[in-house]
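Trainee:
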RNA sequence: AGCCUCAUAGUGUAAUGGUAACACACCGGAUUUUGAUUCCGUAUUUCUAGGUUCGAGUCCUAGUGAGGCUGCCA
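In the numbering used here, the protein residues as written are 309 to 846.
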C-alpha cells in the first residue's frame, strides 16, 4: 500500500543482490530461550522476517534459531513461548527451525582448528586472574603465563576439558589475538568454558560450552546466513565476529550489521526486570495483559498488525532513542477502529427510568457491529423501561461543554431514541440513585426534531435483559516515563491502578466473555477486541 | 580516561550536494446517532564553530552531547 520504506540495511542488501555478491538473502532471528519475547524483540523479528518476505522472489528466507549456548539460563518453556509469539506476530520460519546447540560438534572442531594454527590456547588462570590481566579501558592487558603453550599441549588440554578433566573455572579456551588491543573484546577472548550443567537440548553430552562471541558467527556461517542483523551493543564485537569467520573453516562468510533497539516510554523491557515483576508477584505472569511481552500484548487484545505497522513506521537506524508509546497506541487504535466489533457496556451504572415507556415491554434495537466496516453486520439489543447508564453521563449542574444528560437536557440512547431528562432521585448522602426521563417517539433512526438539542449518544444496557459481568480494565503498568531511572527502582513506580476489576452491565452478547478480553475504552465508546480474532486457528 | 557508534520539530523517522518533509503528540476549527472516526488548519526542526562549494542537514576538521565496551551472559 504505502511506498516501501527503506533503510541502511535494506540498501546494503539491495546492493549485494544487484552486484551479484549474493544470489539470495538468508537472515535469522536468534533469541536465547531464557525469557519471553517482548515488544522490543518485535523490531528484530519484523526486520529479519520482513527482509526475507520482501526478497522471496530470489528464494530468500529467515531462520528461527535458538541461541542456547548457556545451559544454566535456558528452559524449554521459553522455546515454546517464543515459537508461539513469532507465529502470533505473523511470521513463519517454515522448515528452518534450528538450535545453536545442534552445532556443538562443529564449534568444537573449529576450536581444534584454531589451536592447531596457534590461534587458541588453554588458560588455567582463575577467573579473577583473567579479569585482572585483561587490563582496563586505558591500560593494555598482560599476556597469560599459559599463552605460549605448544599446540600439542593445548590439544591435549582441550580434549581433557571436553572429557570432564577440569572443574568449572579451572580452565578455559582463549582465542590468541592481541592483549594490547584498544578493543577489549579482542584481548584474547574466552571462547570455551567448563559448565557441568544439564542442557535443555543436549542433556549431559557436554561439559564445555562455547561463548556467544565464538558460537554466533559459526552458527551464522553454518546456516549460510548472508546478513546477520543484531542490535547496537554488539557493534564492538564485530571485529571478533570477522576474526572467527576469517580463521575458522566455515562454509560461508556472513556479515554482521547492527541497528538500534526498540524502546518505549513508560516501559521496562529488560528480561531480568520483567522476571522480577513475575517473581515478586506484581503481575500474574509473563503473559499478564499489562506486561510488555508479546504474549501479554496478545492477551491485552493488541492486534499483531499494529505492532508490525509500528515497526515499519519507526524504521531501522543506528540512533538509539526512546519511542513514545503514543506511536504504538495510535497504531492499536487505528487497527481496532477498523476491525473491532463494538459493544455497549456500563461500568459504573446508575438506573435510568423511561417514564413514558410501557412496563414489561421490550423493543429490539438493531445496532451495527462496526460503523467502519459494514460487512461486520448488525446485532439486536433490547430496549426496556429501565436501563443502566454510566453515572458520569449525568450531571445535576452541567458545565458549558457538557453535552450529555442534565436537567431538561436531551441525549440519545445509542442506536435508539432521544430521551429528555425529567428528574432524578438522591439518597441521604446526596448520591444520585436514579434518573427519570421521557423518550421522544419517532426519534429512532432519525435526527432530533426541530427545537431539540441533542449532541451526544450514550451507552445503555437494559436493566432487565442486560447481564452483569466482571470486567477488567488495564492501564499502564508504570507511572514514570522512564521507570528504569526511578529513584527507588522500577518497582517503585508501578501503577497501583494498572488493573481494575469492576462489576459492569453489558450486552447479553458479551456474557461469556473471558475477563481478559480487552475493552478499548474511549469517552463514550468501547471497542471490544475478541482474542479469537487475533489468533489464527484458535 | 582509551576505543567504537550516533546527533534533523516534544517523540520516531525522510530528504542523487539544490525550496527541510511525513507520522504521532499538541493546539484550533468543521462534520458526526461512539466527545471515536473522518476532514481542514496553526505552531515548532538540521548540536556548536570553522572549512570546501555558486550552493551543505548531507562532504572535511575540531569541539560538544548521548549510548556502548573492562562476564568463564547473550
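In this text, a Cβ means the ideal position worked out from N, Cα and C, and glycines have one as well.
With distances taken Cα to Cα, identify the nearest neighbour of residue 541 among 627, 321, 400, 440.
Mentor: Taking only the C-alpha atoms, the option nearest residue 541 is 627.
Trainee: What is the rounded straight-line gap between the Cα of residue 465 and the Cα of residue 805?
Mentor: Whole-angstrom Cα-Cα distance: 59 Å.
Trainee: Helix or strand or just coil, what does DSSP make of residue 824?
Mentor: Legend: pLDDT at residue 824 = 49, less than 50; position of this residue unreliable, value from coordinates given subsequently. The answer is coil: DSSP assigns residue 824 none of H, G, I, E or B.
Trainee: In the DSSP assignment, what are the bridge partners of residue 372?
Mentor: Bridge partners of residue 372: 337, 405.
Trainee: Leaving out five residues on either side along the sequence, give the residues of the same chain with a beta carbon under 7 Å from the beta carbon of residue 472.
Mentor: Answer for residue 472: 515, listed in chain order.
Trainee: According to DSSP, is residue 433 part of a helix, a strand, or is it coil?
Mentor: The answer is coil: DSSP assigns residue 433 none of H, G, I, E or B.
Trainee: Identify every residue that forms a DSSP beta bridge with residue 732.
Mentor: DSSP lists 743 as partners of residue 732.
Trainee: If you draw a straight line from the C-alpha of residue 793 to the C-alpha of residue 445, how long is it?
Mentor: In a straight line, the C-alpha of residue 793 is about 26 Å away from that of residue 445.
Trainee: Which term fits residue 827, buried or exposed, when burial requires 16 or more other beta carbons within 10 angstroms of its beta carbon?
Mentor: Summary for residue 827: the model assigns pLDDT 47, below 50, so the residue's position carries little reliability; its value from the coordinates is reported in the next sentence. It counts as buried.
Trainee: Ordered along the chain, which non-local residues of its own chain (more than five positions away) have a Cβ less than 6 Å from that of residue 873?
Mentor: The shown model of the chain, from 309 to 846, leaves out residue 873, and the question about it has no answer.
Trainee: Can you give me the start and stop residues for the beta strand (DSSP E) that residue 536 sits inside?
Mentor: Unbroken beta strand (DSSP E) run through residue 536: 535-539.
Trainee: Report the option in 569, 435, 594, 502 whose CA atom is closest to the CA atom of residue 467.
Mentor: Selected option, being the one with the closest Cα: 502.
Trainee: Please go through the same chain and pick out, in chain order, the residues whose beta-carbon is closer than 6 Å to the beta-carbon of residue 450, but skip the five residues on each side of it.
Mentor: 441, listed in sequence order.
Trainee: Is it a yes or a no for the segment 367-374 touching the segment 406-419, going by three-plus beta-carbon pairs under 8 Å?
Mentor: Yes: the two stretches touch, three or more of their Cβ pairs being nearer than 8 Å.
Trainee: Which of helix, strand or coil does DSSP assign to residue 710?
Mentor: DSSP places residue 710 in coil when its eight states are reduced to three.
Trainee: Over the uninterrupted beta strand (DSSP E) stretch that includes residue 782, give me the two end residues.
Mentor: Start and end: 775-782.
Trainee: Should residue 311 go down as buried or exposed, given a rule of 16 or more other Cβ atoms within 10 Å for buried?
Mentor: Model confidence at residue 311 stands at a pLDDT of 46, short of 50, so the residue's coordinates are unreliable; what they give is reported in the following sentence. Looking at its Cβ environment, which holds fewer than 16 other Cβ atoms inside 10 Å, residue 311 is exposed.
Trainee: Just to confirm the assignment: which complete alpha helix (DSSP H) runs, minimum length 4, are found wholly within the segment 583-618?
Mentor: Counting whole runs of 4 or more residues, the segment 583-618 contains the alpha helix (DSSP H) stretches 602-608.
Trainee: Starting from residue 357, follow the alpha helix (DSSP H) in both directions and report where the run begins and ends.
Mentor: Its alpha helix (DSSP H) spans residues 347-362.
Trainee: Let me make sure I understand the geometry here. Which of 615, 496, 659, 638 has the alpha-carbon closest to that of residue 772?
Mentor: Taking only the C-alpha atoms, the option nearest residue 772 is 659.
Trainee: Return the bridge partner residues of residue 283 from the DSSP annotation.
Mentor: What is shown of the chain runs 309 to 846, which leaves residue 283 out entirely.
Trainee: Going by DSSP, what residue range makes up the beta strand (DSSP E) through residue 807?
Mentor: That run of the beta strand (DSSP E) goes 807-814.
Trainee: Note down, in chain order, each residue of its chain lying with its Cβ closer than 8 Å to the Cβ of residue 799, except the 5 sequence neighbours on either side.
Mentor: These residues qualify, in order along the chain: 584, 585, 588, 590.
Trainee: To the nearest angstrom, how far is it from the Cα of residue 728 to the Cα of residue 393?
Mentor: Straight-line Cα distance between these residues: approximately 50 Å.
Trainee: Go ahead and label residue 783 buried or exposed: buried means 16 or more other beta carbons lie within 10 angstroms of its beta carbon, across all protein chains shown.
Mentor: Under this definition residue 783 is an exposed residue.
Trainee: Check whether the segment 520-534 and the segment 558-574 touch, using three or more Cβ-Cβ pairs below 8 Å as the test.
Mentor: The segment 520-534 vs the segment 558-574: in contact.
Trainee: Just list the alpha helix (DSSP H) runs in the segment 509-577, keeping only unbroken ones of 4 residues or longer that don't cross its boundaries, in chain order.
Mentor: Qualifying alpha helix (DSSP H) stretches, in chain order: 520-530, 546-555.
Trainee: Hey, could you find the ends of the alpha helix (DSSP H) residue 390 is sitting in?
Mentor: Start and end: 384-397.
Trainee: For residue 674, collect the residues of the same chain with a Cβ closer than 8 Å to its Cβ; drop the 5 residues on either side in sequence, then sort them by chain order.
Mentor: The residues are 686, 687, 688, 723.
Trainee: So residue 582 packs on residue 396, CB below 8 Å; how close in whole Å?
Mentor: Their Cβ separation, rounded to whole angstroms, is 18 Å, which puts residue 582 and residue 396 out of contact at 8 Å.
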